[in-house]
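S.K.: Please see the structure below; I have some questions.
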Amino acid sequence: TVRSNADLAFSWLYDTPEITCVLCGMNSLEMVEENVRIVNGHLENPLNENELKLVDDIKDVLLRLNEISCTGCNYCMPCPQEINIPAIFKYYNDKHLFSEDKTFGVHHTFILYAGNILGVTGEAHDASLCVDCVLCTSKCPQQLDIPSLIRMVDNDYHGKLVRPFIPILKKL
């Protein structure tokens, strides 16, 4: 039987003693029912060796490809400069996870990031506005050096493509 991603994830979590509570997002009654079924049936259907290896392999790939270890918990928010820290870190990680995803030779995350700066996706969130207040760092459970990471993202996106077009895009 082929397990769903949710089944693999919940089964792994269930067998990890360090994890005492799981919070998961569910968008439908079907997802709730599936999650309850997985957890209730886990003792009769634990992960086998091949499935454990698969989960470990996936974890290794994600850790290798994610440049920033942000989990998107939002504890760093709100930023006094209104930078959407988890969003810009997600754009940056997605650029590395999906390196072949390009439109007209431009990676889709550059377009999303530019839209983010201009407020197309809601309020404007420009990483270049960071003033190194370190308020975010003090709240980060991963203990990330968020200001340094924000500068890295800002240099990568602004320096390569976005910054030259910001004045033009703002006029539009």
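In the numbering used here, each residue's number is its place in the sequence shown (first place is 1) plus 16.
Idealized CB from N, CA, C, for every residue including glycine.
Between which residues of its own chain and Glu83 is the CB-CB distance below 7 Å, once the five residues before and five after are set aside?
M.R.: By one-based count along the sequence shown, residue 83 stands at place 67. These residues qualify, in order along the chain: Tyr108, Asn109, His112.
S.K.: Excluding the five sequence neighbours on either side, which residues of its own chain have a C-beta within less than 7 Å of the C-beta of Asn90, listed in chain order?
M.R.: For the purposes of this step, residue 90 is taken as residue 74 along the sequence shown, with counting starting at 1. Result list for Asn90: Pro102, in chain order.
S.K.: If you measure between the beta carbons of Ser85 and Leu63, is that distance less than 7 Å?
M.R.: Numbered from its first residue, the sequence shown carries residue 85 at position 69. Numbered from its first residue, the sequence shown carries residue 63 at position 47. No, they are not a contact pair.
S.K.: What do you get for Leu39, buried or exposed, if any count of 16 or more other CB atoms within 10 angstroms of its CB means buried?
M.R.: Translated into the one-based positions of the sequence shown, residue 39 becomes position 23. With fewer than 16 other Cβ atoms within 10 Å, it is exposed.
S.K.: Tell me whether Asn64 sits in a helix, a strand or coil according to DSSP, three-state version.
M.R.: The sequence position of residue 64 within the sequence shown is 48, counting from 1. In the structure shown, Asn64 sits in coil (DSSP, three-state: anything other than H, G, I, E or B).
S.K.: Are the CB atoms of Ala22 and Glu50 within a distance shorter than 7 Å?
M.R.: Start at 1 with the first residue of the sequence shown, and residue 50 comes out as number 34. Start at 1 with the first residue of the sequence shown, and residue 22 comes out as number 6. A contact, by the Cβ cut-off of 7 Å.
S.K.: Assuming Cys92 contacts Cys156 (C-beta within less than 8 Å), just tell me the rounded distance between them.
M.R.: Residue numbering aside, residue 92 sits at position 76 when the sequence shown is read from its first letter. Residue numbering aside, residue 156 sits at position 140 when the sequence shown is read from its first letter. Their Cβ separation, rounded to whole angstroms, is 5 Å, which keeps Cys92 and Cys156 in contact under 8 Å.
S.K.: Please return the same chain residues whose Cβ sits closer than 8 Å to the Cβ of Phe105, not counting the five positions on each side in sequence.
M.R.: For the purposes of this step, residue 105 is taken as the residue at position 89 of the sequence shown. Closer than 8 Å at Cβ, skipping near neighbours: Ile84, Cys86, Gly88, Leu165, Val169.
S.K.: On the DSSP letters alone, give me the boundaries of the alpha helix (DSSP H) that Arg53 sits inside.
M.R.: Residue mapping note: residue 53 aligns to position 37 of the sequence shown, counting from 1. Per DSSP, Arg53 belongs to the alpha helix (DSSP H) from 45-57.
S.K.: By the DSSP assignment, the alpha helix (DSSP H) with Asp172 in it spans what residues?
M.R.: As a position in the sequence shown, residue 172 is number 156, starting the count at 1. Here the alpha helix (DSSP H) through Asp172 covers 162-173.
S.K.: State the Cα-Cα distance for the pair Cys149 and Arg80, rounded to the nearest angstrom.
M.R.: Sequence index remark: in the sequence shown, residue 149 carries index 133 (1-based). Sequence index remark: in the sequence shown, residue 80 carries index 64 (1-based). Near 29 Å, if we compare the C-alpha coordinates of Arg80 and Cys149.
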